[in-house]
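A.B. asks: For the sequence shown, the working numbering gives the first residue as 256, with consecutive numbering after it.
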Amino acid sequence: MRSGRSCFFIFIRNLESESSATSPSWKIKPLFQSFKEISRFSAVKKTFYASITPYIILIRNIETEEVPRMTDVDNSKSINLRADCENCFGLCCVVLPYAKSADFAFDKNGGTACPNLQSDYRCGIHKNLREKGFRGCTVYECFGAGQKVSQITYKGKDWRQNPEIAREMFEVFPIMQQLHEMLCYLNKALGLEVTKPIHGDLQNVIEETEAITALSPKAILVLDIPMHRAKVNELLLKTSELVRGKVKQNGRELAKGRSLIGAKLKGADLRGSSFRGALLIASNFSDSDMRYCDFIGADLRDADLSGADLTGSIFLTQAQINSANGDKNTKLPPSLCIPVHWVP
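So, in structure tokens, the structure goes:
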């Protein structure tokens with residue numbers, strides 16, 4: 256069973272140095288470079304890697320004893336943490352830079368509107384992005400930051416009709432996106448039964464982060480994002496230990512301190528492994544047991560997940576799944592869906 260709509264996903268990118276509160280948004284490093292930078296950082300060094308809640312949730316049949324049981328989470332929060340382009344002023348189409356490559360048909364500087372952005376802030380080639388050479392646009396998710404900045408932070412004032420706020424809005428957007436990313440991860444962690452010992456801490460940081468997102472533009476621009484991200488990451492690390500601690504971690508040290516690009520791990524028992532920030536590009540994980548793994552920030556581009564079992568894994572995003580290869584026999588967490596390109 257699969258949805259008739261496409262799944263959205265994002266670039267995995269390092270947030271340690273990007274989009275600081277004092278740097279203009281158009282100085283964000285090109286996304287194609289950030290893949291290479293992932294291996295230079297670790298979560299321990301206060302790095303928080305981007306993720307996403309799925310744009311489409313597909314309910315799968317799973318054996319409840321194999322997956323950490325979920326509590327009743329406020330679904331309205333997760334909905335607010337997904338992109339709602341209808342209520343956004345095309346901020347990602349303006350703020351983000353990209354370079355001509357397999358993912359983009361031409362170069363674009365940050366702070367410059369994409370030529371495909373129409374006057375109503377809709378993409379003129381949205382239905383044919385991949386065919387037109389803009390595969391990269393289909394893999395971006397703002398976690399709801401776009402509509403938050405457009406409709407709440409700036410109270411519905413758009414940057415075209417109000418050019419005096421354009422520069423500030425473009426600087427606020429990537430900061431808000433980071434905050435919404437954190438909220439996505441925190442809410443995922445709070446929804447796990449196994450994290451009950453830290454539910455109080457998670458809830459406190461969620462409330463603190465939500466309060467920050469409601470600040471004025473000027474207040475947002477002077478936030479110490481790295482410090483707040485470090486606080487969030489501490490709880491995400493605890494979440495990882497609690498989830499992975501329930502199984503024998505045969506491959507725990509597998510990805511630590513090394514690249515697994517092109518690794519041949521077909522049929523391997525990798526339960527409970529931490530792949531945080533690991534480069535898993537073009538690796539063969541077909542038929543592997545990858546339950547209860549931590550995938551935060553892992554680069555799964557072109558990795559083969561055919562027949563692999565990833566149920567119970569945490570911080571695995573639709574973005575990562577969509578960037579990988581797999582088949583109908585790949586088992587995913589219930590919040591993720593089989594990408595269209597996996598099905599013949």
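We treat Cβ as the ideally placed atom computed from N, Cα and C, and that holds for glycine.
Over the uninterrupted alpha helix (DSSP H) stretch that includes Y395, give me the two end residues.
C.D. replies: No alpha helix (DSSP H) holds Y395; DSSP gives it neither H nor E.
A.B. asks: Would you mind stating whether Y547 and S561 have Cβ atoms separated by less than 9 angstroms?
C.D. replies: Not a contact, by the Cβ cut-off of 9 angstroms.
A.B. asks: Using 10 angstroms around the beta-carbon of P370, count the other beta-carbons present and answer buried if the total reaches 16, otherwise exposed.
C.D. replies: Counting Cβ neighbours within 10 Å, P370 comes out exposed, since fewer than 16 surround it.
A.B. asks: Around the C-beta of S471, are 16 or more other C-beta atoms found within 10 angstroms, so that it is buried, or is it exposed?
C.D. replies: Classification of S471: exposed, given that the 10 Å Cβ count is below 16.
A.B. asks: If the criterion is Cβ atoms closer than 9 angstroms, does the pair L587 and C439 meet it?
C.D. replies: No, they are not a contact pair.
A.B. asks: Quick one, which of L497, R556, A563 has its alpha-carbon nearest L520's?
C.D. replies: Among L497, R556, A563, the Cα nearest to that of L520 is on A563.
A.B. asks: Measuring straight from C-alpha to C-alpha, what distance separates G527 and K486?
C.D. replies: Looking at the two C-alpha atoms, the distance is approximately 24 angstroms.
A.B. asks: Just to confirm, does Y395 get its C-beta within under 8 angstroms of one of the non-hydrogen atoms of the ligand SAM?
C.D. replies: This structure lacks the ligand SAM, and indeed carries no ligand of any kind.
A.B. asks: Within this structure, are the beta carbons of V427 and T408 separated by less than 9 angstroms?
C.D. replies: Contact: yes.
A.B. asks: So what's L490 in DSSP terms, helix, strand or just coil?
C.D. replies: In this structure, L490 counts as helix in the three-state DSSP scheme.
A.B. asks: Sort out for me which residues DSSP pairs S529 with in a bridge.
C.D. replies: Answer by DSSP bridge pairing, in chain order: D549.
A.B. asks: State the CB to CB distance for the pair S578 and D549, rounded to an integer number of angstroms; the pair is presumed to be in contact (CB under 8 angstroms).
C.D. replies: The Cβ separation is near 17 angstroms, so there is no contact.
A.B. asks: Tell me the DSSP secondary structure of C340 in three-state form.
C.D. replies: Here C340 sits in helix by DSSP.
A.B. asks: What residues are listed by DSSP as bridge partners for N539?
C.D. replies: For N539, which the question treats as bridged, DSSP gives the partners K519, D559.
A.B. asks: Let me know the secondary structure DSSP gives D554 once reduced to three states.
C.D. replies: D554 falls in the strand class under three-state DSSP.
A.B. asks: Are the beta-carbon atoms belonging to S543 and G517 less than 9 angstroms from one another?
C.D. replies: Cβ distance not < 9 angstroms, so S543 and G517 don't count as in contact.
A.B. asks: What is the rounded straight-line gap between the Cα of T585 and the Cα of L591?
C.D. replies: Approximately 11 angstroms, taken between the alpha carbons.
A.B. asks: Once the 5 residues before and after C392 are set aside, which same chain residues still bring their CB inside 7 angstroms of it?
C.D. replies: Correct list, in chain order: L384.
A.B. asks: Do you know offhand how far N364's Cα is from M482's?
C.D. replies: If you take the alpha carbons of N364 and M482, they lie about 29 angstroms apart.
A.B. asks: Below 9 angstroms between beta carbons: does that hold for I453 and K493?
C.D. replies: Yes, the Cβ-Cβ distance between I453 and K493 is below 9 angstroms.
A.B. asks: Taking only the alpha-carbon atoms, compute the straight-line gap between P429 and C347 and give it to the nearest angstrom.
C.D. replies: Approximately 9 angstroms between the Cα atoms of the pair.
A.B. asks: Could you tell me which of L571, L535, A553 sits nearest to D559, measuring between CA atoms?
C.D. replies: Closest option to D559, Cα to Cα, is L535.
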